[in-house]
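Note that the protein sequences, when read in sequence, are chains A and B. So for the first sequence, my numbering puts the first residue at 3; every next one is plus one. So for the second sequence, my numbering puts the first residue at 3; every next one is plus one. Where a beta carbon is used, it is the ideal one built from N, C-alpha and C, also for glycine. The model shown is predicted, which means the values in this text are computed figures rather than measured ones. Below: one structure, written as C-alpha cells.
Number of protein chains: 2
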Amino acid sequence: MGCVNASDVSWGAPRAERADAARNRRLLLATAREMLAESGPDRLTMDALAERSGLGKGTVFRRFGTRAGIFQALLDDSERGFQEQVLSGPPPLGPDAPPRERLIAYGQARIRFLLEHREIARHSIDGRQNVPTGTQTPLSRAHIRMLLGRIPLGAADLDLLAMQLTAALDAPLLLYVSASALDAAADRAERRLTSGWRDLVDRVCRP
Amino acid sequence: MGCVNASDVSWGAPRAERADAARNRRLLLATAREMLAESGPDRLTMDALAERSGLGKGTVFRRFGTRAGIFQALLDDSERGFQEQVLSGPPPLGPDAPPRERLIAYGQARIRFLLEHREIARHSIDGRQNVPTGTQTPLSRAHIRMLLGRIPLGAADLDLLAMQLTAALDAPLLLYVSASALDAAADRAERRLTSGWRDLVDRVCRP
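So this is what it looks like as C-alpha cells:
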C-alpha cells in the first residue's frame, strides 16, 4: 500500500476527525472528476489519484478499497442530486403526481441517470461477473415500496413486490451498463428500458 | 496451490483427457457430498476435499477456483435433475400444461429447489455482498422467455420482460438464501416467495 501521509492520521477530537475526513473526501472526488474529464476513466487508478491529490496511497486505499470503489463513490456523489429530484423535485418524478405516474417516472429517471453515468457505473462494477443487485439499492426499493403503498393493489405483499420490481428495474439496466460500451446503443437501450419499465408497471398496477 | 498429482496431467488423446476430467469431476462431487452428509458444509474446504479425494490440491483448485466453487458445482449437479423435470417431467412444471400455469409452476419449483438446497446455495455465494443475478441464470431466463412467447401478452418486449421476471424471481430468493440460516424461517419464506411469484405472474399476464 506504499507510503502513508501525515494527513491520514488525525490527532484531534472526533469532530475534527470528521471534518478532516470530509475535506479529504471532497478533495478526492473533485480530483477524480478532473482526471475523468481530462483523460477518461482508464487513467483513473488508485495510484494516479493518490499522486494527483497529494493525499497518499494509504488514504486513497482506506477511502475506496478498490479502484471500482472510486467510481462507486463518484456515482454515489452524483446520485445525491438525483435523489433530491425524487424527494422534492417537480412532478412526475417528485411529489404532487399520482403514485402510479411517479413509479413510472422514477424507474425511467433511474434508467436515464445510470445510462448518462454509464462510464462511471461500468467502472464501479469490478471485474467479476456479479453485478450489484437490489441489495445495493435500498433507497430505490424504499421509494418503490412507498409508492406501491399508495396505489390500490388489492391484497398484495407490498414488501416483496417492491423487491421484485427493484430487481426487475435494475437487472436489465446493470446488465446493459456492464456489458456494452457503445454510445450509439445507449439511445436505443434508453428507449427500450424506459418503455419496458412503463409496460411492467402498467401490467402490475392495472386496476 | 501446493502439490499437483500425476492425475492432473493427461498424456492421452483429447477423448482420454475428457474421460479423465469427467472421472475426477464425479469423484470430487461424490466426495464432497459424503463430506457434507458427514460433517456439514463448514468442514468442506478445498484442502479437506483434496485430502479426502486423494486428487491433489492443484486439481481441486483448477476444477473449482474457490471454496464457493465447490458448492456451485454441487448446486449445478443437483440442478440437472430439476431441469429434467422442467423439460420433460409431469405438468404443471413439465410440458402439457398451459404456459401461464407452467410459468407459475416454474418459479415456485425454483424457489422450492433453492430453499431445499439453501445450505449449498448459501455457500456457493462467496463472502462478497454481491449475489448472483439474472446473468448467472440463462436457463431460467430462456425458459421464462419461451413460456412468455406462448402467452397472449399484446405488444410486449418479451426478451426484456423475461429478464425482468427472472430478476424478480431470483433477487428476493437469493437475498433470503444469502441472509438467513433459520430452518423455521424457510417454511414461511417458501410460502411467501411462492405466493409472491404467483401474484406477480397473475398481474403481469392478466388478459
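For residue i, decide whether its Cβ has a neighbour in chain A, counting only Cβ atoms nearer than 8 Å.
i: L150(B); result: no
i: D159(B); result: yes
i: L141(B); result: no
i: D194(B); result: For clarity, residue 194(B) is Arg in the given sequence; the question names Asp instead. Taking Cβ atoms only, chain A reaches closer than 8 Å to R194(B), which makes this a yes.
i: G58(B); result: no
Could you tell me whether the Cβ atoms of residue i and residue j are closer together than 8 Å?
i: L116(B); j: L31(B); result: no
i: F84(B); j: I122(B); result: no
i: A34(B); j: L51(B); result: yes
i: L195(B); j: I113(B); result: yes
i: R200(B); j: V206(A); result: no
i: F66(A); j: A75(A); result: yes
i: Q166(B); j: G58(A); result: no
i: P93(A); j: I153(A); result: no
i: A158(B); j: A170(A); result: no
Compute every distance between the C-beta of residue i and the non-hydrogen atoms of the ligand MN, then say whether any falls below 7 Å.
i: G71(A); result: The ligand MN is absent from the structure shown, which contains no ligands of any kind.
For the alpha helix (DSSP H) that contains residue i, what are its first and last residues?
i: L77(B); result: R69 to S90
i: L171(B); result: L160 to A181
i: H119(A); result: Unbroken run through H119(A): none, as it is neither H nor E.
i: T47(A); result: Premise fails: T47(A) is in no alpha helix (DSSP H) and is neither H nor E.
i: R65(B); result: K59 to F66
When we look at the beta-carbon of residue i and count the other beta-carbons within 10 Å, is it buried (16 or more) or exposed?
i: D172(B); result: buried
i: T168(A); result: buried
i: R124(A); result: buried
i: R28(B); result: exposed
i: T61(B); result: buried
i: G42(B); result: exposed
i: R143(A); result: buried
i: S55(B); result: buried
i: L95(B); result: buried
i: L46(A); result: buried
i: S126(B); result: buried
i: A21(B); result: exposed
i: G156(A); result: exposed
i: V133(B); result: The predicted position of V133(B) is uncertain, since its pLDDT is 45 and thus under 50; no value can be drawn from it.
i: A191(A); result: buried
i: Q131(A); result: Caution is warranted here: a pLDDT of 39 is assigned to Q131(A), below 50, making its placement in the model unreliable, and no coordinate value can be reported.
Contact defined as beta carbons within less than 8 Å: I believe residue i pairs with residue j. What is the distance between those atoms, to the nearest angstrom?
i: H119(B); j: S80(B); result: 6 Å
i: I146(B); j: L105(B); result: 7 Å
i: L150(B); j: L160(B); result: 5 Å
i: R208(A); j: R208(B); result: 6 Å
i: A99(A); j: A107(A); result: 7 Å
Does chain B have any CB closer than 8 Å to the CB of residue i?
i: G83(A); result: no
i: L202(A); result: yes
i: G198(A); result: yes
i: V206(A); result: yes
i: R1(A); result: Residue 1(A) is absent from the model: chain A starts at 3 and stops at 209.
i: R190(A); result: no
i: A21(A); result: no
- Give, in chain order, every residue of the stretch 162 to 175 of chain B whose Cβ lies closer than 9 Å to some Cβ of chain C. Looking at the structure shown, chain C is missing, and the protein chains on hand are A and B.
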